[in-house]
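Here is the structure we will look at, set down as structure tokens.
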Amino acid sequence: RMVNQEGPGSRPNTDHSPTHDILRDLFTVAAKFSYGKFRCGIDVFKVTQRNDKSYDVHWKNLKTGETNKTHAMSVCFHTNRRIGKRRDVDWPGREKFRGECVYGYANEVLPLKFWGKNVIVVGAGAFA
42 RMVNQEGPGS RPNTDHSPTH DILRDLFTVA AKFSYGKFRC GIDVFKVTQR
92 NDKSYDVHWK NLKTGETNKT HAMSVCFHTN RRIGKRRDVD WPGREKFRGE
142 CVYGYANEVL PLKFWGKNVI VVGAGAFA
């Protein structure tokens, strides 16, 4: 998820966020931070970097067929990566561990305070 939504209909981050959650996040970002700057129905077909490290973004309007170029100081490419279902890790003697066991999955770590503590991360990947 792009935004930690609050209130009715909010859900924690999961690896398979449904389309309506992603669209809600996009709407929130557009409304709060980028009003009037989002464009839909645009195909970016080429990005070239200038000598000054800025970019030319070549695009096509999918409704009208118009092609054009926009100059930008930075460019971000966002892709949706499907990670799979949650995989819990267990080990012999876990019941003797006196700390907290949480997973990065679904925002479980948000309320934790890590500063000044010994922390171990078990696993790998996006939610480790």
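Going by my numbering, the sequence shown opens with residue 42, and the numbers climb by one from there. Built from N, CA and C at the ideal position, the CB exists for glycine as well. Predicted, not measured: the structure shown is a model, and the values here were computed from it.
Quick check: the Cα distance between residue i and residue j, rounded to an integer number of angstroms?
| i | j | result |
| --- | --- | --- |
| residue 99 | residue 111 | 7 Å |
| residue 163 | residue 44 | 26 Å |
| residue 49 | residue 129 | 28 Å |
| residue 104 | residue 69 | 25 Å |
| residue 75 | residue 150 | 29 Å |
| residue 82 | residue 107 | 11 Å |
| residue 131 | residue 144 | 12 Å |
| residue 154 | residue 92 | 44 Å |
Check for me: the alpha helix (DSSP H) holding residue i runs from which residue to which?
| i | result |
| --- | --- |
| residue 155 | That residue, residue 155, is in no alpha helix (DSSP H); it is neither H nor E in DSSP. |
| residue 68 | 60-74 |
If you count every other CB in all the chains shown that lies within 10 Å of the CB of residue i, and 16 or more means buried, which is it?
| i | result |
| --- | --- |
| residue 135 | exposed |
| residue 139 | exposed |
| residue 65 | buried |
Take residue i as the anchor and find which of the options has the nearest alpha-carbon.
| i | options | result |
| --- | --- | --- |
| residue 88 | 150, 116 and 153 | 116 |
| residue 79 | 67, 90 and 86 | 67 |
| residue 86 | 144, 102 and 142 | 102 |
| residue 94 | 83, 113 and 81 | 113 |
| residue 62 | 71, 72 and 51 | 51 |
| residue 47 | 161, 154 and 148 | 148 |
| residue 96 | 106, 118, 82 and 77 | 118 |
| residue 142 | 60, 92, 161 and 58 | 161 |
Provide the residue span of the beta strand (DSSP E) that contains residue i, from first to last.
| i | result |
| --- | --- |
| residue 110 | 108-113 |
| residue 90 | 83-90 |
| residue 137 | It is not in any beta strand (DSSP E) - residue 137 carries neither H nor E in the DSSP assignment. |
| residue 100 | 96-102 |
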